[in-house]
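Novice: Start counting at 1 in the sequence shown, then tack on 12, and there's your number in the working numbering. Glycine residues also receive a C-beta, built at the ideal position from the N, C-alpha and C atoms. The structure presented is a predicted model; accordingly, all values stated were derived computationally and were not measured.
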Amino acid sequence: MIANFLCWHTFYNITRNIKSKIEMAKCSVHGEHPKVTFTQQGFTISYCCEKFRKNTIAK
Ligand SMILES: [Zn+2]
Numbered sequence: 013m014i015a016n017f018l019c020w021h022t023f024y025n026i027t028r029n030i031k032s033k034i035e036m037a038k039c040s041v042h043g044e045h046p047k048v049t050f051t052q053q054g055f056t057i058s059y060c061c062e063k064f065r066k067n068t069i070a071k
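1) Can you give me the C-alpha to C-alpha distance between Gln53 and Val41, rounded to a whole angstrom?
2) Give the secondary structure of Ser32 by DSSP, where H, G and I count as helix, E and B as strand, and everything else as coil.
3) Just list the residues that DSSP pairs Ser58 with in beta bridges.
4) Alpha carbon to alpha carbon, how far is Ala37 from Asn29? Give it in angstroms, no decimals.
5) In this structure, does DSSP put His42 in helix, strand or coil?
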């Protein structure tokens, strides 16, 4: 688990950077941004549609 190797502050900064990068993406169909939710395991990303999810992951 990542928290074992990094202090919480470092982990927080990394995930915050990832979150802002992910949330910059915008669905061309719906105009929605992905939603990043933090969990105990890390984070999950919610997309408005499957096409947008695939396009974002492919980049
Ligand atoms: Zn969409």
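Specialist: Taking the coordinates as given:
1) As a position in the sequence shown, residue 53 is number 41, starting the count at 1. As a position in the sequence shown, residue 41 is number 29, starting the count at 1. Straight-line Cα distance between these residues: approximately 30 angstroms.
2) On the sequence shown, residue 32 is found 20 positions in, with the first residue counted as 1. Three-state DSSP puts Ser32 in a helix.
3) For the purposes of this step, residue 58 is taken as residue 46 along the sequence shown, with counting starting at 1. For Ser58, which the question treats as bridged, DSSP gives the partners Lys47.
4) Taking the first residue of the sequence shown as 1, we reach residue 29 at position 17. Taking the first residue of the sequence shown as 1, we reach residue 37 at position 25. When rounded, the distance between both Cα atoms is 13 angstroms.
5) As a working note, residue 42 is residue 30 in the sequence shown. Three-state result, His42: coil.
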